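See below for the structure under consideration.
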Amino acid sequence: MKPTFHADKPIYSQICDWMKKKMITGEWKADDKLPSVREMGVMLAVNPNTVSRAYQELERGGYIYAKRGMGSFVTPEKAVFEQLQSDLAEEIATRFLEEAESIGLNSQAAIELLTKRSSKHE
């Protein structure tokens, strides 16, 4: 499923987030070959330069690597995915707490709500 882009964040950054999520969910596994920049541009209906910028960001961050003449691949480094999962979980928790506070719930009440909710899913 392709991402829905929002005006509040650069598209290349949203592509990075979307790709990272595919990696940590296991949809894209270690050493999987990624679509070419052009293919990804067509798939996402964005300019290939935007996709290229996303790939460069992901490569700088160690999430993907390039092999000259062969394309880009998902990193095989497990530690990268563990850190990414932790970082994304922290972002989600922060957003949740900020949203809860915006409707008048303090942090403790929000945490209690999560605890109560999680016990229903066990």
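Sequential numbering of the sequence shown, starting at 4, is according to the working numbering.
Glycine included, every Cβ here is placed at the ideal spot set by N, Cα and C.
Small disclaimer: the values here were computed from a predicted structure and weren't measured.
Own chain partners of residue i with C-beta closer than 8 Å, once the 5 adjacent residues on each side are dropped
{"i": "LEU47", "result": "LYS5, PRO6, ILE18, VAL54"}
Buried versus exposed call for residue i [16 or more other C-beta atoms within 10 Å across all chains shown]
{"i": "LEU116", "result": "exposed"}
{"i": "VAL83", "result": "buried"}
{"i": "ALA57", "result": "buried"}
{"i": "SER75", "result": "buried"}
Pick from the options that is closest to residue i, judged by C-alpha positions
{"i": "GLY65", "options": "PRO13, LYS119, ALA33", "result": "ALA33"}
{"i": "SER110", "options": "LEU100, ASP35, VAL49", "result": "LEU100"}
{"i": "ARG71", "options": "LYS36, ASP90, LYS25, VAL45", "result": "LYS36"}
{"i": "SER89", "options": "MET22, ILE27, MET73, ALA10", "result": "ILE27"}
{"i": "GLY29", "options": "VAL49, LYS81, ALA69, LYS123", "result": "LYS81"}
Nearest-angstrom Cβ-Cβ length linking residue i and residue j, presumed shorter than 8 Å
{"i": "TYR15", "j": "GLU60", "result": "7 Å"}
Touching by the beta-carbon criterion (3+ pairs, under 8 Å), the stretch 26–41 and the stretch 100–116: The answer is no - the stretch 100–116 does not touch the stretch 26–41, with fewer than three Cβ pairs under 8 Å.
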